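Line by line, the protein sequences give chains E and X. For the first sequence, the positions run 1 to 175 when our numbering is used. For the second sequence, the positions run 176 to 319 when our numbering is used. Note that beta-carbon positions come from the ideal geometry of N, C-alpha and C, so glycine has one too. Since we're looking at a predicted model, the values are computed, not measured.
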Amino acid sequence: MMRLAYAIPLALFLFILGLGGYMLTQGRDQAIPSQMVAKPLPDIDLPAAGGDFPGLTRRELIGGGPKLINFWGSWCVPCKAEAPHLEALKEQGADIIGIALRDTPEDAGAFLKQYGNPYSRVAIAEVFTILFGFGGSGVPETYVVDDEGVIRYQHIGDVRARDVPILLDQLEKAK
Amino acid sequence: MMRAGWIAFLAACALTAPLGAQDKLPPAPMAYTQLNDPAQEAAAQELMETLRCLTCQSQSIADSDAPMAGDMRHQVRTRIAAGESPDAVRGWLIERYGDYVSYDPQISASTWPLFVFPMFLLLIAGMVVARRMKRSNSDVSETE
Numbered sequence: 001m002m003r004l005a006y007a008i009p010l011a012l013f014l015f016i017l018g019l020g021g022y023m024l025t026q027g028r029d030q031a032i033p034s035q036m037v038a039k040p041l042p043d044i045d046l047p048a049a050g051g052d053f054p055g056l057t058r059r060e061l062i063g064g065g066p067k068l069i070n071f072w073g074s075w076c077v078p079c080k081a082e083a084p085h086l087e088a089l090k091e092q093g094a095d096i097i098g099i100a101l102r103d104t105p106e107d108a109g110a111f112l113k114q115y116g117n118p119y120s121r122v123a124i125a126e127v128f129t130i131l132f133g134f135g136g137s138g139v140p141e142t143y144v145v146d147d148e149g150v151i152r153y154q155h156i157g158d159v160r161a162r163d164v165p166i167l168l169d170q171l172e173k174a175k
Numbered sequence: 176m177m178r179a180g181w182i183a184f185l186a187a188c189a190l191t192a193p194l195g196a197q198d199k200l201p202p203a204p205m206a207y208t209q210l211n212d213p214a215q216e217a218a219a220q221e222l223m224e225t226l227r228c229l230t231c232q233s234q235s236i237a238d239s240d241a242p243m244a245g246d247m248r249h250q251v252r253t254r255i256a257a258g259e260s261p262d263a264v265r266g267w268l269i270e271r272y273g274d275y276v277s278y279d280p281q282i283s284a285s286t287w288p289l290f291v292f293p294m295f296l297l298l299i300a301g302m303v304v305a306r307r308m309k310r311s312n313s314d315v316s317e318t319e
């Protein structure tokens, strides 16, 4: 009887140890989904950064069909990897607005020259504040926004080849 | 000192952060600047210690030198300076990121066992101790 009582904490300990070991073998899902999906766009008021980078306001994103809003940065490595897939989206009719985060006009311009410019419009933000408004937690991230300015879908991380049809489908659904 | 920290941070990023890479812009204005009003700064500091950095694993935004954490501190200080209460700022973030962002756990449908289980364990421990005490008391009285 006494033996059994001692075995319980040991069993609990082994269970927790095993659980920890098991969790270690599972891939970590670091993505933090935005709670802003299905909610209206946050306030957006990005000042113009000169040249190819006009400012961007919330009103300008509403109407004219569903859009993709892509957060990127010239300093962001996965953004280079997703560039050709954004180009593919554009070729298949997606209207993509780019917001370069923590970027300068010089660096952003050089990036677009080197990796192509899939955007119908690009704005630059010096801080992540605008991304917090979307409930985003990193770069790159891509959002589908419908005609009424409601966020309909969030894609976390770089857009890969397999994500292109998914995003096109979400754009279609947002019509 | 700051420089060494920065280099260590970059090295850590290279090892852990998949979305890595760092921008070249300076930190957000209020990331490392305290508010003029000591009471507001104290409130902001207390809040920042209980908000979770979105890109760094298990660090509060007060604890991290990541640009994301700096921008979050900027956001917190700006909002506090504008007269928002710490609870309102926390609420604003939870509205966007869910409970993930807050280190101030609330009792909810999924978290109640965390609050109830320790009390349950304490209760059991108390019962065991009470029984032992009673038994040892009676042992003593028997030997007398």
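Straight across, the Cα-Cα distance linking arginine 102 (chain E) with phenylalanine 128 (chain E) is about 7 Å. Of all C-beta pairs linking the segment 28–40 of chain E to the segment 150–158 of chain E, three or more are shorter than 8 Å, placing the two stretches in contact. A contact between stretches requires three or more CB pairs, one per stretch, nearer than 8 Å, and the segment 43–54 of chain E fails this requirement with the segment 77–95 of chain E. Uninterrupted beta strand (DSSP E) stretches at least 3 residues long and entirely within the segment 80–136 of chain E occur at 96–101, 121–125, given in chain order. With fewer than 16 other Cβ atoms from the protein chains shown falling within 10 Å of its own Cβ, proline 204 (chain X) counts as exposed.
Comparing alpha-carbon positions, the option among E:Ile156, E:Asn70, E:Ser120 lying closest to glycine 93 (chain E) turns out to be E:Ser120. The C-alpha of leucine 200 (chain X) is placed about 59 Å away from the C-alpha of tyrosine 6 (chain E). When DSSP reads this structure, glycine 50 (chain E) sits in a beta bridge with E:Phe53. Under DSSP, threonine 142 (chain E) forms a beta bridge with E:Asn70, E:His155.
In terms of Cα proximity to alanine 123 (chain E), the closest of E:Gly133, E:Lys39, E:Gly21, E:Leu56 is E:Leu56. Counting only runs of 4+ residues, the alpha helix (DSSP H) found wholly inside the segment 251–282 of chain X occupies 261–272, in chain order. The DSSP-derived three-state label of proline 201 (chain X) is coil.
The C-beta of valine 127 (chain E) comes closer than 8 Å to at least one C-beta of chain X. A contact is defined here as three or more CB-CB pairs under 8 Å, and the segment 214–224 of chain X meets this definition with respect to the segment 242–259 of chain X. The beta carbon of leucine 229 (chain X) sits closer than 6 Å to those of Met243, all from its chain and outside the five residues before and after it, given in chain order. The beta carbon of alanine 203 (chain X) falls within 8 Å of a beta carbon belonging to chain E, placing the residue at that interface. According to DSSP, residue pairing for proline 40 (chain E) in a beta bridge involves E:Val150.
Against chain E, a Cβ distance below 7 Å from glycine 258 (chain X) picks out nothing, because the smallest value is about 17 Å. Isoleucine 16 (chain E) has its alpha-carbon roughly 54 Å from the corresponding atom of glycine 64 (chain E).
Residues of the segment 294–312 of chain X whose Cβ lies closer than 7 Å to any Cβ of chain E: none. For chain E, the residues of the segment 221–236 of chain X that bring a beta carbon within less than 7 Å of one of its beta carbons are Leu229, Thr230, in chain order. With a 10 Å radius around the Cβ and a threshold of 16 neighbouring Cβ atoms, leucine 171 (chain E) comes out buried.
Excluding the 5 residues flanking it on each side, lysine 39 (chain E) has same chain C-beta neighbours closer than 8 Å at Val150, Ile151, in chain order.
Rounded to the nearest angstrom, the gap between the Cα atoms of aspartate 107 (chain E) and serine 74 (chain E) is 6 Å. Straight across, the Cα-Cα distance linking glycine 21 (chain E) with glutamate 91 (chain E) is about 46 Å. Closer than 8 Å to the CB of glycine 138 (chain E) there is at least one CB belonging to chain X.
At a cut-off of 8 Å between beta-carbon atoms, phenylalanine 71 (chain E) makes no contact with chain X. At a cut-off of 8 Å, the C-beta of arginine 254 (chain X) has no neighbouring C-beta in chain E.
Note that the C-beta distance between leucine 89 (chain E) and leucine 68 (chain E) is below 8 Å. Note: leucine 226 (chain X) is bridge-paired with X:Ser277 in the DSSP secondary-structure output. Looking at the DSSP output, serine 235 (chain X) sits in a beta bridge with X:Arg227. Isoleucine 255 (chain X) and alanine 219 (chain X) do touch by the CB rule: their CB atoms are close to 4 Å apart, below 8 Å. Contact check for leucine 167 (chain E) and valine 144 (chain E): beta-carbon distance about 7 Å, within the 8 Å limit, so the pair qualifies.
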